[in-house]
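Engineer: So that we are looking at the same thing, I have put the structure below in structure tokens.
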Amino acid sequence: MHIPDGFINAGTSAAAGAVAVGCVAVSLRKASRDLDDREVPLAGMTAAFIFAVQMLNFPVASGTSGHLLGGVLAAVLVGPWVGALCVTVVLVVQALLFADGGLSALGLNVLNMAIVGAWGGYLVFLGVRALLPARRSSVVAASAIAAALAPVLAALLFTVEYAIGGNGAAALGTVAAAMVGVHVLIGIGEGIITALTVSAVMATRPDLVYGARGLMAPAGWASTLTSRSTLTSRSTDEAAAASPLPARSVR
Amino acid sequence: MRAAEGPRQPEYATSPDASGRSGRNGGSWRWTIGLLVAGGLLVALLLAFFVSPFASSAPDGLEKVAADEAVDRDERDHALAGGPLADYSVRGVHDARLSTGLAGVIGVAVTFAIGGGLFLVVRRSGRRGDDAASPVAASRTPTRT
Chain L
1 MHIPDGFINA GTSAAAGAVA VGCVAVSLRK ASRDLDDREV PLAGMTAAFI FAVQMLNFPV
61 ASGTSGHLLG GVLAAVLVGP WVGALCVTVV LVVQALLFAD GGLSALGLNV LNMAIVGAWG
121 GYLVFLGVRA LLPARRSSVV AASAIAAALA PVLAALLFTV EYAIGGNGAA ALGTVAAAMV
181 GVHVLIGIGE GIITALTVSA VMATRPDLVY GARGLMAPAG WASTLTSRST LTSRSTDEAA
241 AASPLPARSV R
Chain A
252 MRAAEGPRQP EYATSPDASG RSGRNGGSWR WTIGLLVAGG LLVALLLAFF VSPFASSAPD
312 GLEKVAADEA VDRDERDHAL AGGPLADYSV RGVHDARLST GLAGVIGVAV TFAIGGGLFL
372 VVRRSGRRGD DAASPVAASR TPTRT
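Top line first, the protein sequences correspond to chains L and A.
Residue numbering for the first sequence follows my numbering, beginning at 1 and increasing consecutively.
Residue numbering for the second sequence follows my numbering, beginning at 252 and increasing consecutively.
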């Protein structure tokens with residue numbers, strides 16, 4: 001999904017760069033309010049993890065591969081603002097050190113992967129989560145669905161960019177259909193990897209998962225009366241393991 | 252557990268994992284943030300070193316479509332294609348798998364360092380900006396690179 005130099009003309013690339021700088025500036029400002037001390041290393045780790053998993057291209061169709069973009073994963077773990085910065089850091093490192101993703105196309109790539117993934121993907125995540133019951137598993141399910149959609153959104157945005165300033169003579173409809181088709185398949189992988197990672201963190205420290213925050217806070221009567229249906233209490237097993245008191249009542 | 256545990260529920264709700272307390276009497280083991288970060292980094296390093304050399308080398312979705320539809324007609328070589336880590340290989344390391352694995356490890360380390368450094372700066376600017384509102388944070392954005 002990394003656009004190299006020359007796919008999109010210079011003017012469009014520069015305009016995308018300006019928009020991307022604006023989006024990153026907004027992310028920086030918002031992130032400064034989101035981050036607390038404990039989240040600084042967590043956010044750095046999230047970026048490093050996404051770098052590693054982006055290297056793991058998996059086959060999706062004959063002669064085609066795909067890899068995690070990571071925007072939704074980052075947004076669910078550390079929030080859309082910090083998450084967008086995580087993916088942006090990955091893209092900058094890839095472009096500068098590993099010659100992956102054109103320098104002139106960096107703005108395009110930041111928009112398609114970091115901003116669409118973390119901002120757009122997080123909106124989808126919130127929408128899906130709101131439709132599901134307030135359970136931990138819903139956080140994982142919503143992140144999987146949003147992550148599966150993110151590569152398709154990125155593919156669509158690439159098509160728009162190609163329509164505005166694409167070099168080459170391909171028909172738009174053909175590019176759109178081909179891009180969406182293959183990125184639906186890549187989205188399946190994105191959804192699975194995101195779900196596995198989010199559920200691993202939910203199983204260890206759900207309190208650190210940004211996307212579970214609204215559900216973790218004690219929220220009115222529901223948390224005190226029917227705690228089993230909310231995320232404010234530990235699950236049965238965890239409660240039993242964590243405190244001797246409920247352990248007795250369980251047995 | 253349903254009825255018997257009902258009255259105690261608020262207690263759990265108000266002492267979430269974040270409080271830092273754990274069931275010491277029960278001897279339960281707890282993921283601190285340090286452990287979680289170390290664990291995540293370890294997984295990232297292991298994936299980068301041991302798994303990435305075996306990743307598919309087929310073109311990704313965009314590259315494939317671009318090649319099929321001649322979107323790549325005017326593609327230019329990357330300006331830094333001659334760099335020591337270009338294309339996820341370490342120049343001078345001739346074993347392809349080792350070269351990719353080492354490049355991955357370097358990338359994970361560099362990304363963690365740059366990301367962690369950036370977020371530390373963002374965090375500090377946010378703290379300073381608490382009083383003077385957001386322009387402080389915004390004015391610090393150039394320090395990003």
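Note that the Cβ used here is the ideal one computed from N, Cα and C, for glycine as well.
Quick one: what does DSSP say A/Gly-334 is sitting in, helix, strand or coil?
Structural biologist: Along the second sequence, read from residue 1 onward, the residue named residue 334 of chain A stands at position 83. If DSSP states are grouped into helix, strand and coil, A/Gly-334 belongs with coil.
Engineer: Determine, using beta carbons only, whether L/Ala-212 and L/Pro-206 come nearer to each other than 8 angstroms.
Structural biologist: Residue mapping note: residue 212 of chain L aligns to position 212 of the first sequence, counting from 1. Residue mapping note: residue 206 of chain L aligns to position 206 of the first sequence, counting from 1. In this structure, L/Pro-206 lies closer than 8 angstroms to L/Ala-212 by Cβ.
Engineer: Can you tell me which residues form a DSSP beta bridge with L/Ala-61?
Structural biologist: As a first step, residue 61 of chain L is located in the first sequence; it is residue number 61 there, counting from the start. L/Thr-64.
Engineer: To which residues of the same chain is L/Val-180 closer than 7 angstroms at the C-beta, ignoring the five residues directly before and after it?
Structural biologist: Position 180 of the first sequence, counted from the start, is the residue given in the question as residue 180 of chain L. Val-152, Ala-155 and Leu-156.
Engineer: Just to confirm my understanding: we take L/Asp-5, look at its own chain, exclude 5 residues before and 5 after, and list those with CB closer than 8 angstroms. What are they?
Structural biologist: Working through the first sequence from its first residue, we reach residue 5 of chain L at position 5. Contacts found: Gly-102, Leu-103, Ser-104 and Ala-105.
Engineer: What are the boundary residues of the alpha helix (DSSP H) that L/Tyr-122 is part of?
Structural biologist: Reading the first sequence from its first residue, position 122 is the one you call residue 122 of chain L. 121-131 is the extent of the alpha helix (DSSP H) around L/Tyr-122.
Engineer: Output, in chain order, the set of chain A residues within a Cβ distance shorter than 9 angstroms of L/Ala-319.
Structural biologist: Since the first and last residues shown for chain L are 1 and 251, residue 319 of chain L lies out of range.
Engineer: Let me make sure I understand the geometry here. Which of L/Ala-141, L/Val-175 and L/His-67 has the alpha-carbon closest to that of L/Met-113?
Structural biologist: Within the first sequence, residue 113 of chain L is the residue found at index 113, counting from 1. Ranked by Cα distance from L/Met-113, the options L/Ala-141, L/Val-175 and L/His-67 are led by L/His-67.
Engineer: In chain A, what lies closer than 8 angstroms to L/Ser-138 by C-beta?
Structural biologist: Taking the first residue of the first sequence as 1, we reach residue 138 of chain L at position 138. Chain-ordered listing is empty here: chain A has no CB closer than 8 angstroms to the CB of L/Ser-138, the nearest sitting near 18 angstroms.
Engineer: Compute the distance between the beta-carbons of A/Val-398 and L/Val-175, then report whether it is under 8 angstroms.
Structural biologist: Outside the displayed range of chain A (252 to 396) lies residue 398 of chain A, so it cannot be described from this structure.
Engineer: At a Cβ cut of 7 angstroms, what residues of the stretch 324-345 of chain A count as close to chain L, listed as they run along the chain?
Structural biologist: Arg-324, Asp-325, Glu-326, Arg-327, His-329, Ala-330, Leu-331, Ala-332, Gly-334, Leu-336, Ala-337, Asp-338 and Tyr-339
Engineer: Between L/Ala-16 and chain A, is the shortest Cβ-Cβ distance under 8 angstroms, so that the two count as touching?
Structural biologist: For the purposes of this step, residue 16 of chain L is taken as residue 16 along the first sequence, with counting starting at 1. So no, L/Ala-16 is outside the interface.
Engineer: Taking only beta-carbon positions, decide if L/Gly-6 is within less than 8 angstroms of chain A.
Structural biologist: Along the first sequence, read from residue 1 onward, the residue named residue 6 of chain L stands at position 6. So yes, L/Gly-6 belongs to the interface.
Engineer: Could you check if L/Val-90 is buried or exposed, using at least 16 other CB atoms within 10 Å of its CB as the buried criterion?
Structural biologist: Here residue 90 of chain L corresponds to residue number 90 of the first sequence, with the count starting at 1. L/Val-90 should be labelled buried.
Engineer: So the candidates are L/Gly-71, L/Ser-138, L/Ile-145 and L/Phe-158; which of them puts its Cα closest to the Cα of L/Trp-119?
Structural biologist: Residue 119 of chain L sits at position 119 when you count from the first residue of the first sequence. For the options L/Gly-71, L/Ser-138, L/Ile-145 and L/Phe-158, the alpha carbon positioned closest to that of L/Trp-119 is the one of L/Gly-71.
Engineer: Would you identify the three-state DSSP class for L/Ile-3, choosing helix, strand or coil?
Structural biologist: The count along the first sequence starts at 1 and reaches residue 3 of chain L at position 3. In the structure shown, L/Ile-3 sits in coil (DSSP, three-state: anything other than H, G, I, E or B).
Engineer: What are the residues that DSSP puts in a beta bridge with L/Gly-166?
Structural biologist: Indexing the first sequence from 1 puts residue 166 of chain L at position 166. BP columns for L/Gly-166 point to L/Ile-8.
Engineer: Quick check: what's the CA-CA separation for A/Asp-382 versus L/Ala-75?
Structural biologist: Start at 1 with the first residue of the second sequence, and residue 382 of chain A comes out as number 131. Start at 1 with the first residue of the first sequence, and residue 75 of chain L comes out as number 75. Because the pLDDT at A/Asp-382 is just 47, under 50, the model does not fix this residue reliably, and the value given afterwards should be weighed accordingly. If I take the Cα positions, the gap works out to 27 angstroms.
Engineer: Would you please state the rounded distance, in angstroms, between the beta carbons of L/Ala-323 and L/Gly-121? I believe it to be under 8 angstroms.
Structural biologist: No answer is possible for residue 323 of chain L: it lies beyond the span of chain L, which begins at 1 and ends at 251.
Engineer: Kindly indicate which residue of L/Leu-208, L/Ala-150, L/Leu-108 and L/Pro-59 has the alpha-carbon position closest to the one of L/Val-21.
Structural biologist: Walking along the first sequence from the start, residue 21 of chain L turns up at place 21. Out of L/Leu-208, L/Ala-150, L/Leu-108 and L/Pro-59, L/Leu-108 has the C-alpha closest to the C-alpha of L/Val-21.
Engineer: What is the DSSP secondary structure of A/Asp-311, counted as helix, strand or coil?
Structural biologist: Position 60 of the second sequence, counting from 1, holds the residue named residue 311 of chain A. In the structure shown, A/Asp-311 sits in a strand (DSSP, three-state: E or B).
Engineer: Count the other C-beta atoms from every protein chain shown that fall within 10 angstroms of the C-beta of L/Val-78, then say buried if there are 16 or more, exposed otherwise.
Structural biologist: As a position in the first sequence, residue 78 of chain L is number 78, starting the count at 1. Its Cβ being crowded by 16 or more others within 10 Å, L/Val-78 is buried.
Engineer: Secondary structure at L/Phe-98, three-state DSSP: helix, strand or coil?
Structural biologist: The count along the first sequence starts at 1 and reaches residue 98 of chain L at position 98. In this structure, DSSP gives L/Phe-98 a state outside helix and strand, which the three-state scheme calls coil.
Engineer: My parser needs the alpha helix (DSSP H) runs of 4 or more residues fully inside the stretch 13-89 of chain L; what are they?
Structural biologist: 39-54 and 71-78
Engineer: Under the three-state reduction of DSSP, which class applies to L/Glu-161: helix, strand or coil?
Structural biologist: The residue labelled residue 161 of chain L in the question sits at position 161 within the first sequence. Reduced to three states, the DSSP call for L/Glu-161 is helix.
Engineer: Just to check my reading of the structure: L/Leu-215 and L/Val-139 have Cβ atoms closer than 8 angstroms, yes? What is that Cβ distance to the nearest angstrom?
Structural biologist: By 1-based counting over the first sequence, the position of residue 215 of chain L is 215. By 1-based counting over the first sequence, the position of residue 139 of chain L is 139. Yes, L/Leu-215 and L/Val-139 are in contact; Cβ-Cβ is about 7 angstroms, under 8 angstroms.
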